[in-house]
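Trainee: This is the structure I have questions about; it appears just below.
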Amino acid sequence: MLVKDVLVEEFIVSNPRSQKAFERAREILPGGNTRSVFNSFPFPLVLESGCGCEVTSLDGKVYTDFNSDFTAALYGHSNPVIYDSLREIFSTGFALGGVVEKEAELGEIIRKRLPSMKKIRFCNSGTEANMYALATALIFTRRKKILVFDRGYHGGTMSFPDKGNPLNLPHDFIIGKFDSVEGTQPLLSADIAAIIVEPLQAAGGVRPASKEFLAFLRKAADELDAILIFDECVTSRLHFNGMQGALGVIPDMTVVGKYMGGGLPFGAFGGREDIMNLYDPYSQGIENTLFHSGTFNGNIFTLNAAIAASKLVTAEALLRLNNLGDRLRGSAHAIMEASGFEDMYFTGHGSEIGVHFRGDDAVTFS
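If you're matching positions, the sequence shown starts at 1 in UniProt numbering and goes up one per residue.
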């Protein structure tokens, strides 16, 4: 019997409650969940609780969590600062159905960290935020083409794996080669509306872009009068001012999400005033204004959690976090080299770490 088969059998025997819960879920939820990234064979662990850096499964097993809800749980599970901020809401009410002052407060906090976001609008996920950022760029430039990059991920309806994504929005996407000036230059044309890029591809293999590549995109966008969009949903944790601040390459628009919501559903898009004023009826006139709404945009739960979380994400805290990530990645490399095991290697930057095994992608990722 193969080692893999032995481990799978041990997993099944050790997690009967997870298996039962999964079988129940499959009766009503295709795939047994509503988040395909959790698809796992023979079945996924079903989690019951989390505290700090640990999660506990339905079968009572405790695991150290290196996944952190794909970067959304940056603060640890059940962080007391965020927990207390949510308790406050029950004394003031929620789902008020009106403007609340904390929208502006959170906007000011984000703009302080990411100065490219001169004006900001909230939504409920990074996917939504990217969708609106791209739509805004198309309307502002009155063009249709969008330059994206291979293996980029901007949400479930805007991702570009090697095999393609049939769920992608029907935009006119042009797919360039990530972190390659030579592979991107021939694709540039005057009819490009927007260039959207992750300064570090997270889902695409934890691949950081070079400063030279991002500066090339900045110059290209300027020459084409196109909108350069940085998707910093993940990468804004790598520096207090995001990767744009760390590298000194400033986009026209920025998208954030993930951890900035304090672990609650959150997304935001923002950028230059002349672009974002398309949403301002007081300066544009209502007939010339884009309508962007959503029942839970700027909901008080997320606002409270995000404002509380911002007190934890100081420049010093992020520096320490990312230094720890660099040390962990370096130590992992050293262990592999010392053991003579050359088939495993690590990519990333700061607290973002990707684990890879050598194969067809080895040259690309290394």
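The C-beta atom is built at its ideal place from N, Cα and C for all residues, glycine as well.
Quick one: is residue 253 buried, meaning 16 or more other Cβ sit within 10 Å of its Cβ, or exposed?
Mentor: In the sequence shown, counting from the first residue as 1, residue 253 sits at position 253. Counting Cβ neighbours within 10 Å, residue 253 comes out buried, since at least 16 surround it.
Trainee: Mind checking whether residue 129 and residue 267 have CB atoms under 8 Å apart?
Mentor: Counted from its first residue, the sequence shown places residue 129 at position 129. Counted from its first residue, the sequence shown places residue 267 at position 267. Their beta carbons are under 8 Å apart, which means residue 129 touches residue 267 by this criterion.
Trainee: Which same chain residues, not among the five before or five after residue 121, have their C-beta less than 8 Å away from its C-beta?
Mentor: Taking the first residue of the sequence shown as position 1, residue 121 is located at position 121. So the list reads 132, 268, 269, 270, 276, 279, 292 and 297, once near-sequence residues are dropped.
Trainee: Apart from the five residues just before and just after residue 189, which ones in its own chain have a Cβ nearer than 8 Å to its Cβ?
Mentor: Numbered from its first residue, the sequence shown carries residue 189 at position 189. These residues qualify, in order along the chain: 145 and 224.
Trainee: Given residue 200, which residues of its chain have a CB within under 8 Å of its CB, disregarding the five upstream and five downstream residues?
Mentor: Mapped onto the sequence shown, residue 200 falls at position 200. Correct list, in chain order: 206, 207, 208, 209, 234, 235, 238, 243, 348, 349 and 352.
Trainee: Give the straight-line distance between the Cα atoms of residue 260 and residue 72, rounded to the nearest whole angstrom.
Mentor: By one-based count along the sequence shown, residue 260 stands at place 260. By one-based count along the sequence shown, residue 72 stands at place 72. Each residue's alpha carbon lies about 8 Å from the other.
Trainee: Once DSSP output is grouped into helix, strand and coil, what is the label at residue 370?
Mentor: Coverage of the chain is limited to positions 1 through 366, which leaves residue 370 absent and any answer about it impossible.
Trainee: Among 325, 241, 193 and 204, which has the Cα closest to the Cα of residue 228?
Mentor: For the purposes of this step, residue 228 is taken as the residue at position 228 of the sequence shown. If we check each option's Cα against that of residue 228, 193 comes out closest.
Trainee: Given residue 165, which residues of its chain have a CB within under 6 Å of its CB, disregarding the five upstream and five downstream residues?
Mentor: Here residue 165 corresponds to residue number 165 of the sequence shown, with the count starting at 1. These residues qualify, in order along the chain: 159.
Trainee: Residues in its own chain within less than 6 Å of residue 212 by CB, not counting five upstream and five downstream?
Mentor: Reading the sequence shown from its first residue, position 212 is the one you call residue 212. Hits under 6 Å: none found.
Trainee: Based on the DSSP output, what are the partners of residue 352 in its beta bridges?
Mentor: Looking up residue 352 in the sequence shown gives position 352. Answer by DSSP bridge pairing, in chain order: 349.
Trainee: What is the rounded straight-line gap between the Cα of residue 143 and the Cα of residue 162?
Mentor: By one-based count along the sequence shown, residue 143 stands at place 143. By one-based count along the sequence shown, residue 162 stands at place 162. Their backbone Cα atoms lie some 26 Å apart in a straight line.
Trainee: Helix, strand or coil for residue 266, going by three-state DSSP, please let me know.
Mentor: Stepping through the sequence shown from its first residue, residue 266 is reached at position 266. Reduced to three states, the DSSP call for residue 266 is coil.
Trainee: Tell me the start and end of each unbroken beta strand (DSSP E) in the stretch 81-140 that is at least 3 residues and wholly inside, in chain order.
Mentor: 119-123, all fully within the stretch 81-140.
Trainee: Give the straight-line distance between the Cα atoms of residue 80 and residue 313, rounded to the nearest whole angstrom.
Mentor: Along the sequence shown, read from residue 1 onward, the residue named residue 80 stands at position 80. Along the sequence shown, read from residue 1 onward, the residue named residue 313 stands at position 313. When rounded, the distance between both Cα atoms is 14 Å.
Trainee: Short of 8 Å in beta carbon distance, which residues of its chain neighbour residue 174, apart from the five on each side in sequence? Order them along the chain.
Mentor: As a working mapping, residue 174 is identified with position 174 in the sequence shown. Cβ within range, chain order: 145, 146, 147, 148, 187 and 192.
Trainee: Can you tell which of 264, 343 and 321 has the C-alpha that lies nearest to the C-alpha of residue 394?
Mentor: Past the boundaries of the shown model lies residue 394; the chain is included only from 1 to 366, so the question cannot be answered.
Trainee: Excluding the 5 residues preceding and the 5 following residue 16 in the sequence, name in chain order all residues of the same chain whose CB lies nearer than 8 Å to its CB.
Mentor: Sequence index remark: in the sequence shown, residue 16 carries index 16 (1-based). If we look at residue 16 and ignore the five residues flanking it on each side, its Cβ neighbours are 59.
Trainee: In whole angstroms, what separates the C-alpha of residue 257 from that of residue 118?
Mentor: Start at 1 with the first residue of the sequence shown, and residue 257 comes out as number 257. Start at 1 with the first residue of the sequence shown, and residue 118 comes out as number 118. Rounded to the nearest angstrom, the two C-alpha atoms are 17 Å apart.
Trainee: Can you give the beta carbon distance from residue 197 to residue 230, rounded, assuming they're within the 8 Å contact cut?
Mentor: Translated into the one-based positions of the sequence shown, residue 197 becomes position 197. Translated into the one-based positions of the sequence shown, residue 230 becomes position 230. Right, their Cβ atoms sit about 7 Å apart.
Trainee: Helix or strand or just coil, what does DSSP make of residue 73?
Mentor: As a position in the sequence shown, residue 73 is number 73, starting the count at 1. Of the three classes helix, strand and coil, the one that applies to residue 73 here is coil, per DSSP.
Trainee: Which residues bound the beta strand (DSSP E) around residue 176?
Mentor: In the sequence shown, residue 176 corresponds to position 176, counting from 1. Where residue 176 is concerned, the enclosing beta strand (DSSP E) stretches over 172-176.
Trainee: Using a Cβ distance threshold of 8 Å, determine whether the stretch 19-32 contacts the stretch 41-51, with at least three qualifying pairs required.
Mentor: At 8 Å Cβ cutoff, the stretches touch.
Trainee: Classify residue 342 as helix, strand or coil using the three-state DSSP reduction.
Mentor: As a position in the sequence shown, residue 342 is number 342, starting the count at 1. Coil at residue 342, not helix or strand.
Trainee: Between the Cα of residue 320 and those of 240, 245, 287 and 358, spot the shortest distance and give me the residue it belongs to.
Mentor: As a first step, residue 320 is located in the sequence shown; it is residue number 320 there, counting from the start. Closest option to residue 320, Cα to Cα, is 240.
Trainee: Taking the C-alpha atoms as reference points, what is the distance between residue 330 and residue 123?
Mentor: Residue mapping note: residue 330 aligns to position 330 of the sequence shown, counting from 1. Residue mapping note: residue 123 aligns to position 123 of the sequence shown, counting from 1. Cα-Cα distance, rounded: 37 Å.
Trainee: Does DSSP classify residue 50 as helix, strand or coil?
Mentor: Looking up residue 50 in the sequence shown gives position 50. Note: residue 50 maps to strand in three-state DSSP.
Trainee: If you reduce the DSSP assignment to three classes, tell me which class residue 42 lands in.
Mentor: Taking the sequence shown and counting its residues from 1, one reaches residue 42 at position 42. Coil, per DSSP.
Trainee: Within a Cβ cutoff of 8 Å, which residues of the same chain sit near residue 100, ignoring the five residues on either side of it in sequence?
Mentor: Within the sequence shown, numbered from 1, the residue matching residue 100 stands at position 100. Only 298, 300 and 303 meet the Cβ criterion.
Trainee: For the alpha helix (DSSP H) containing residue 259, name the first residue and the last one.
Mentor: Counting from one through the sequence shown, the residue named residue 259 turns up at place 259. From DSSP, residue 259 is part of no alpha helix (DSSP H); its letter is neither H nor E.
Trainee: If you follow the alpha helix (DSSP H) that residue 63 is part of, which residue opens it and which one closes it?
Mentor: Translated into positions along the sequence shown, residue 63 becomes position 63. Not the alpha helix (DSSP H): residue 63 falls in the beta strand (DSSP E), residues 62-64.
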